[in-house]
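Novice: First the structure, which I've put down as structure tokens, then a few questions once you've had a look.
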Amino acid sequence: MSLDPARYAELFRTESHEQLAAINRALLALEQGGEAAGPLAVIFRAVHTVKGMSASMGYTAVAAFAHEVESVLDTIRRGDQRPGADVMDVLFASADALEGGLETATESAGQSPAMAAALERLRALAGSRFAGRLSRGELPPESESEATTPMPAADPLGGPGVIVRVRQSAGALLPGVRAFLVVEKLRALGDVGAVWPPIEVLQTSEVPRSFAMRVSTLASAGEIEAAVRSAGDVEHVEVDLAARTRRESNVALEVAGRVEAAPAGGKVTRHVRMDLARLDTLMDLIGELVITRGRLLALTADYGKGPLDEAMQQAAKLIGDLQSEIMTSRMVPVWQVFDRFPRLVRDASRQLRKDVVFLVDGKDIELDRSLLDEVGEPVVHLLRNAVDHGIETPAERAAAGKPRAGRLVLSAARDRAAIVIRVSDDGRGIDRARVLERAKAAGLVGGSATELDDEDLLRCIAHPGFSTVDAVSDLSGRGVGLDAVQAKARMLGGSVTLKSVEGEGTAFTLRIPATLAIVRALLARCGPERYALPLTHVRETLEFGEHTVQRVRGSEVLVLRDEILPLLYLRDVVRQGGVGDAQREIVVIERGEKRTGLVVDELIGQQDVVVKQFDAARESLPLFSGATILADGAPALIMDLGSLFGGV
């Protein structure tokens, strides 16, 4: 049976991307100085893993290229090379070339132009020992440090250490690569002294098989088993801790018998890869089930207490629990998209000859996977703007009495049902006078305006085509891309706010819901129509009365404790006309530090609403982010509350 690489190409690339992310993180840590041994070990192990997987897939050119990268890393590890600026540039270029090569890898593919260019630079650092083979895209022999000494047939795993026996699943995808990954996972826990059958034999395996290893580690049985199973397609794991202290062991090579239980308190994790389309289908189904639950609860409400009501309440609870579990399964930490930004900032700052200290906070904050890629684009625009136009050159900062290195912070935080992502710098801030001058010339503000607050400032610089610079750089221009940030935020049902102080810095805040599929909303009535107000922007509700609503300079305002807020009527907003019912209530909505009161005829209650995208009619008001079906089967529009503040 021959291995069909095309069948496993997507799985191979998924595994490879994880290794490439580890390489980039470790390269950044190595460049920043400090102890080099840790990052070097991570890079070497990740490159070695990519090489092994590529060889198993038959991607010889990629495997050969990865081997040459290993050669340079080995010279650094031995102390023959210092990881100076030139060496780091070559390694970063090699990582980029490796990523590009993996994206287009096939059995017959040769070296890409980027790989060829990087190879020339690598050879200049490490010599041309394998130049002839590499130019032909052949896989060179393993380096001396990786040579494997044949094990004695009688006792291939003899010696001290933990014996780990593994049997792969019957339907294992890419078993040779999986076996190699198991070994690499255990190397992260300690020293793998022996593998039987040898890893070279396992890598060429085309069918699931059993194998065993001797590992010197202090990890628990549960930690070892979790590491093995994280490689995927593992059916059976046995961890023999007693072998740690035994000098001799009689190890059966075929895995059989019982699985040793993890010690009390040991954490054993189980992971399974799932097609994203299946998650989306589950989300659609639970959305329809939530709508049906609401309908059933409304229909059975008139029957009073009894077996039917009891069964319906139990079914509603189970549906709610199922909804929670499915939504939780879709949540992923933001580090999965944030991890690529340190490299982006590093490259941008070097291109502009600026010193930037980049900090990331809140990487464990989770949001719906459907939003993960969506938030990446606006954050890229904001980071590039900060490096290009926010942070000054080292000379300018020194002249202003600042540290030569600018500080750029990307943070994520949870705020009720929303995720708040902030990009802040300690740079020059935005020149408000310059923006005001250009805004007047473009007709964005009145000719009599003398200053711009933060909201007006953002409205101007986010206007398509607006810029205060005469020549836009290759990276960005203040305002170039900000209209895209604003559009993306609105599309996601969120908002953007800005705070800038000249000479001190600028902060952009992107606020989006944690999920777009099902949101908690406040239902409000305006005449015969009902609208859903997402709780992401709702601060509190009040009764309409003479003590809360007063008239100032001819306009009605909301007096909320010591604060006076502008007041809007939902009837006016949706252009319904007429006079509202006598019973009126106020919803206090907020966006960043801005608040306003929205007067509605009646508040009906809260409800989980399933967001359905809809195509708005031409010339319609840009007030709605979607539609939903209420418990009684009637449709309702979901309001984009951020749009009520104007501008953003």
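Counted the way our numbering counts, the sequence shown spans residues 1 to 648.
We treat Cβ as the ideally placed atom computed from N, Cα and C, and that holds for glycine.
1. Under 8 Å, do V177 and M327 count as touching if we go by C-beta distance?
2. Assuming F358 is part of the beta strand (DSSP E), what are its boundary residues?
3. For E70, does the three-state DSSP call read helix, strand or coil?
4. In angstroms with no decimal places, state the Cα-to-Cα distance between F466 and A439.
5. Which one or two residues does DSSP pair with R520 in a beta bridge?
6. Which two residues bound the contiguous alpha helix (DSSP H) that contains E396?
7. Kindly indicate which three-state DSSP category L371 falls into: helix, strand or coil?
8. First and last residue of the beta strand (DSSP E) that includes I638?
9. Kindly list the residues whose CB is nearer than 7 Å to the CB of V538, restricted to its own chain and excluding five residues on each side of it in sequence; keep chain order.
10. Check whether the Cβ atoms of I224 and L181 sit closer than 8 Å, and answer yes or no.
11. Look at the alpha carbon of L359 and the alpha carbon of V334, and state the distance between them as a whole number of angstroms.
12. I'd like to check one pair, A227 with K185: are the Cβ atoms closer than 8 Å?
13. Going by the DSSP bridge assignment, what does S230 pair with across the sheet?
14. With DSSP run on the structure shown, which of helix, strand or coil describes E260?
15. Using a threshold of 8 Å, state whether the C-beta atoms of G494 and R511 are closer than that.
16. Helix, strand or coil, according to DSSP, for S128 in the structure here?
17. Compute the Euclidean distance between the alpha carbons of G193 and R187, then round it to the nearest angstrom.
18. Kindly indicate the opening and closing residues of the beta strand (DSSP E) around V423.
19. Where do the N-terminal and C-terminal ends of the beta strand (DSSP E) with R530 fall, by residue?
20. If we call anything under 8 Å between Cβ atoms a contact, is E70 one with F44?
21. Could you have a look at A442 and say whether DSSP puts it in helix, strand or coil?
22. Applying the criterion that 16 or more other CB atoms from any shown protein chain within 10 Å of the CB defines a buried residue, is I518 buried or exposed?
23. Which residue from A219, V234, R78, A231 puts its Cα closest to that of D240?
24. Is the stretch 329-348 in contact with the stretch 295-305, if contact means three or more CB pairs nearer than 8 Å?
25. Using three-state DSSP, classify E593 as helix, strand or coil.
26. Pop quiz: T506 and D562 are said to be a contact at Cβ under 8 Å. What is the actual Cβ separation, rounded to whole angstroms?
27. Count the other CB atoms within 10 Å of the CB of K317; is the residue buried (16 or more) or exposed (fewer)?
28. Would V375 pass as a contact of F341 if the rule is Cβ separation under 8 Å?
29. Residues in its own chain within less than 6 Å of V445 by CB, not counting five upstream and five downstream?
30. For H537, which three-state DSSP category applies?
31. Can you say whether T596 is buried or exposed, counting buried as having 16 or more other CB atoms within 10 angstroms of its CB?
32. Mind checking which residues open and close the alpha helix (DSSP H) that includes T281?
33. For T104, collect the residues of the same chain with a Cβ closer than 7 Å to its Cβ; drop the 5 residues on either side in sequence, then sort them by chain order.
34. My understanding is that R414 touches R404, with C-beta atoms under 8 Å, so please give their C-beta distance in whole angstroms.
35. Let's see if you can read the secondary structure: which residues bound the beta strand (DSSP E) around V559?
36. Find the nearest neighbour of G693 within the set P534, V559, Q550, V611, judged by alpha-carbon distance.
Specialist: The structure says:
1. Position 177 of the sequence shown, counted from the start, is the residue given in the question as residue 177. Position 327 of the sequence shown, counted from the start, is the residue given in the question as residue 327. No, Cβ-Cβ distance for V177 and M327 is not below 8 Å.
2. Looking up residue 358 in the sequence shown gives position 358. Start and end: 356-361.
3. On the sequence shown, position 70 is the one that residue 70 refers to. Three-state result, E70: helix.
4. Position 466 of the sequence shown holds residue 466. Position 439 of the sequence shown holds residue 439. Answer to the nearest angstrom: the Cα atoms are 8 Å apart.
5. Here residue 520 refers to the residue found at position 520 when the sequence shown is read from its first residue. For R520, which the question treats as bridged, DSSP gives the partners D608.
6. Sequence index remark: in the sequence shown, residue 396 carries index 396 (1-based). 394-399 is the extent of the alpha helix (DSSP H) around E396.
7. Locating residue 371 in the sequence shown gives position 371, where the first residue counts as 1. L371 falls in the helix class under three-state DSSP.
8. Within the sequence shown, numbered from 1, the residue matching residue 638 stands at position 638. From DSSP, the beta strand (DSSP E) with I638 extends over 635-639.
9. If you number the sequence shown from 1, residue 538 lands on position 538. The answer, listed in chain order, is L522, V587, I589.
10. As a first step, residue 224 is located in the sequence shown; it is residue number 224 there, counting from the start. As a first step, residue 181 is located in the sequence shown; it is residue number 181 there, counting from the start. Cβ atoms of I224 and L181: not closer than 8 Å.
11. In the sequence shown, the residue the question calls residue 359 occupies position 359. In the sequence shown, the residue the question calls residue 334 occupies position 334. Roughly 14 Å between the two C-alpha positions.
12. Taking the first residue of the sequence shown as 1, we reach residue 185 at position 185. Taking the first residue of the sequence shown as 1, we reach residue 227 at position 227. Yes, the Cβ-Cβ distance between K185 and A227 is below 8 Å.
13. Translated into the one-based positions of the sequence shown, residue 230 becomes position 230. Answer is none; S230 lacks a bridge partner.
14. By 1-based counting over the sequence shown, the position of residue 260 is 260. Low confidence applies to E260: its pLDDT is 39, below 50, so where it sits in the model is not reliable enough to give any reading.
15. Here residue 494 refers to the residue found at position 494 of the sequence shown. Here residue 511 refers to the residue found at position 511 of the sequence shown. Cβ atoms of G494 and R511: closer than 8 Å.
16. By 1-based counting over the sequence shown, the position of residue 128 is 128. Because the pLDDT of S128 is 40, which lies under 50, any placement of that residue in the model is unreliable, and the question is left without a value.
17. Along the sequence shown, read from residue 1 onward, the residue named residue 193 stands at position 193. Along the sequence shown, read from residue 1 onward, the residue named residue 187 stands at position 187. Computed Cα separation, rounded: 9 Å.
18. Taking the sequence shown and counting its residues from 1, the one referred to as residue 423 is at position 423. From DSSP, the beta strand (DSSP E) with V423 extends over 418-425.
19. By 1-based counting over the sequence shown, the position of residue 530 is 530. Where R530 is concerned, the enclosing beta strand (DSSP E) stretches over 529-534.
20. One-based indexing of the sequence shown puts residue 70 at position 70. One-based indexing of the sequence shown puts residue 44 at position 44. Result yes, Cβ atoms of E70 and F44 sit closer than 8 Å.
21. Locating residue 442 in the sequence shown gives position 442, where the first residue counts as 1. DSSP places A442 in coil when its eight states are reduced to three.
22. Position 518 of the sequence shown, counted from the start, is the residue given in the question as residue 518. Label assigned to I518: buried.
23. On the sequence shown, position 240 is the one that residue 240 refers to. The shortest C-alpha separation from D240 is found at A219.
24. no
25. Working through the sequence shown from its first residue, we reach residue 593 at position 593. E593 falls in the coil class under three-state DSSP.
26. Counting from 1 along the sequence shown, the entry for residue 506 is found at position 506. Counting from 1 along the sequence shown, the entry for residue 562 is found at position 562. About 29 Å; that fails the 8 Å criterion.
27. As a first step, residue 317 must be located in the sequence shown, where it is residue number 317. K317 is exposed by the Cβ-count criterion.
28. Here residue 375 corresponds to residue number 375 of the sequence shown, with the count starting at 1. Here residue 341 corresponds to residue number 341 of the sequence shown, with the count starting at 1. Not a contact, by the Cβ cut-off of 8 Å.
29. If you number the sequence shown from 1, residue 445 lands on position 445. Result list for V445: A439, in chain order.
30. Within the sequence shown, numbered from 1, the residue matching residue 537 stands at position 537. If DSSP states are grouped into helix, strand and coil, H537 belongs with the helices.
31. As a first step, residue 596 must be located in the sequence shown, where it is residue number 596. Buried is the call here.
32. As a position in the sequence shown, residue 281 is number 281, starting the count at 1. Where T281 is concerned, the enclosing alpha helix (DSSP H) stretches over 276-300.
33. Residue mapping note: residue 104 aligns to position 104 of the sequence shown, counting from 1. Cβ neighbours of T104 beyond the five flanking positions: S112.
34. Here the question's residue 414 lines up with position 414 in the sequence shown. Here the question's residue 404 lines up with position 404 in the sequence shown. R414 to R404, Cβ: 35 Å. No contact.
35. For the purposes of this step, residue 559 is identified with residue 559 of the sequence shown, where counting begins at 1. Note, V559: beta strand (DSSP E), 555-560.
36. The structure shown does not extend to residue 693, since the chain is modelled only from 1 through 648, so no value can be given for it.
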